[in-house]
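First the structure, in the form of structure tokens, and then the observations on it.
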Amino acid sequence: MSAMIPDQIRTSQARDDWKPLRKNPSMPAEKYRIGEIGFPWGEAEKAQWLAQTTTKRSYLQEVVAKLEGLDAQKLEVRQYGALQHDPARFPLFAAFSKNWDESKPCVLVTGGVHGYETSGVQGAILFLQTTAPKYCDYFNIVVLPCISPWGYERVERWNKSCQDPNRSFGADPATHTEESAAAIAFLRSLGMERGKWLLHVDQHETTNTDETEFMPARAALQGSVYKKCEIPDGFYLVCDTENNDVHFNTAVIESVKKVTHICPGDVNGTIIEEPLTQEGVICVPADKLGLCGGVTGAKHATTTEVYPDSSRVTDEQCNRAQVAVVEGALNFILEKGQ
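Now the structure itself:
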């Protein structure tokens, strides 16, 4: 894998946080196993949380090794950093179009912002392995397949410091985590400032453990109690309230329908208590929340949510659904001549 980059390469009214600390009165509240109600976590509670995390899979074997076999004629792989607590175990990689052309529109795909979301990572890799080389003829493509490798190995939403990387992509550097800071610095090294990107797809999942583990832990971190909510069964998109293109969304949803089912919403016409704006789409203020999906200011930007715990899908379908989003988005752009 090359360590060099070509010389010519130089986002409502939604809640303040998302996924929100939902308060559905029909669902019971449960105290998390760490901390006390009314008292935000200190260093002792954070250390207790870290101590109970365990390694469940290998980032080097399941992610990095797969980058070695990409189409070397079309794609180049570059290490852009490493997590400092274990740089040999957690190097950070990007794959991008080898023949960068300033006249082509630029596309970013990000996965593993929340490390636990398997298909976000594996879907990004599957795109690189399959159709990305073809689309390199029309676009400058950049893929960051796993922004949070520690979270990938531990199957955790946070990093090891109890920080959520997907709330750390805002303009203020003081809010950045190690993971987001490395990704932002790499994107800037390409000469790609905010607003220069045409497309950004940020690949995520909604899982049962959101309700059983990750959201309760986040509430406990803040000294609160999480009230459970309905898990949406199916695929959906999270778009930016300030940048929501109905026609683009429709093209993406139709592409995903060929692979898996779309979440219909609940009896109130919502998904995770956000109102549906169209089939399979909700909107949140990406910039305000510091979401990765808002980091580029791209004309077309969306966050995917795959539900891998559904009885109606396989792991392969989840990965393919992530690829279908990117393909649907790129085909929409090509058809519109953008």
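Start counting the sequence shown at 10; every next residue gets the next number (this note's numbering). Virtual Cβ for every residue (Gly too), placed ideally from N, Cα, C. If you're wondering where the values come from, they're calculated on a predicted model, not measured in any experiment.
Return the Cβ separation of K113 and N149 in integer angstroms, given the expectation that the two are a contact with Cβ distance under 8 Å. About 5 Å separates the two Cβ atoms, so the contact holds.
Which runs of the alpha helix (DSSP H) at least 4 residues long sit entirely within the segment 248 to 324? Give them in chain order. As far as the segment 248 to 324 is concerned, its whole alpha helix (DSSP H) runs of at least 4 residues are 255 to 266, 295 to 298.
Going along the chain, which residues of its own chain have a beta-carbon closer than 8 Å to the beta-carbon of T64, five neighbours each way excluded? Result list for T64: E162, R163, in chain order.
Proximity winner among P225, S67, I240, P241, relative to V234 (alpha-carbon distances): From the listed residues P225, S67, I240, P241, the smallest Cα separation to V234 is found for P225.
By Cβ distance below 6 Å, which residues in the same chain neighbour D80 in space, the five residues on each side in sequence not counted? Cβ neighbours of D80 beyond the five flanking positions: P142.
Assigned secondary structure, K55 (DSSP; H/G/I helix, E/B strand, else coil): K55: helix per DSSP, three-state reduction.
Starting from L84 and walking both ways along the beta strand (DSSP E), at which residues does that stretch end? It spans 84 to 91 - the beta strand (DSSP E) in which L84 sits, taken as one unbroken run.
So S157 packs on G124, CB below 8 Å; how close in whole Å? Their Cβ separation, rounded to whole angstroms, is 4 Å, which keeps S157 and G124 in contact under 8 Å.
Three-way DSSP call (helix, strand, coil) for L199 in this model: Correct three-state label for L199: coil.
Residues near S106 by beta carbon distance below 6 Å, same chain, minus five either side: Excluding five sequence positions before and after S106, the CB atoms of its chain that fall closer than 6 Å to its own CB belong to C145, N149, I150, given in chain order.
Apply the 10 Å Cβ neighbour rule to L137 and answer buried if 16 or more other Cβ atoms are within range, or exposed otherwise. With a threshold of 16 other beta carbon atoms within 10 Å, L137 meets it and is buried.
Which first and last residues belong to the beta strand (DSSP E) in which S106 is found? Segment 100 to 106, the beta strand (DSSP E) holding S106.
Just how far apart, CA to CA, sit F244 and E45? C-alpha separation (whole angstroms): 35 Å.
Would a C-beta distance cut-off of 7 Å place V268 and Q231 closer than the cut-off? Taking C-beta atoms as the reference points, V268 and Q231 fail to come closer than 7 Å.
Do you know how far the Cα of K236 is from the Cα of R311? The residue you asked about is not Arg; residue 311 is Thr in the sequence shown. The straight-line gap from Cα to Cα measures roughly 27 Å.
Limits of the alpha helix (DSSP H) - the one that Q131 falls within: 127 to 138 is the span of the alpha helix (DSSP H), which, as asked, contains Q131.
Since I believe E283 is in contact with V276 (beta carbons under 8 Å), could you give me their beta-carbon distance rounded to a whole number of angstroms? Not really, about 15 Å apart at Cβ, beyond 8 Å.
Where Q17 falls, given that 16 or more other Cβ within 10 Å makes a residue buried: Below a pLDDT of 50, predicted positions are generally treated as unreliable, and Q17, at 34, falls in that range; no measurement from the model is reported.
Integer Cβ distance of A133 from Q212, believed to fall under 8 Å: About 6 Å separates the two Cβ atoms, so the contact holds.
From the DSSP output, read off the bridge partner residues of F48. For F48, which the question treats as bridged, DSSP gives the partners E45.
State buried or exposed for L208, treating a residue as buried only when at least 16 other CB atoms are found within 10 Å of its CB. In the assembly as shown, L208 is a buried residue. Its beta-carbon has 16 or more other beta-carbons within 10 Å.
Which residues in the same chain have their Cβ closer than 6 Å to the Cβ of G47, if we skip the five residues on either side of it in sequence? So the list reads G232, once near-sequence residues are dropped.
Within 10 angstroms of the Cβ of T139, are there 16 or more other Cβ atoms? Answer buried if so, exposed if not. By the Cβ neighbour-count rule, T139 is exposed, with fewer than 16 other Cβ atoms within 10 Å of its own.
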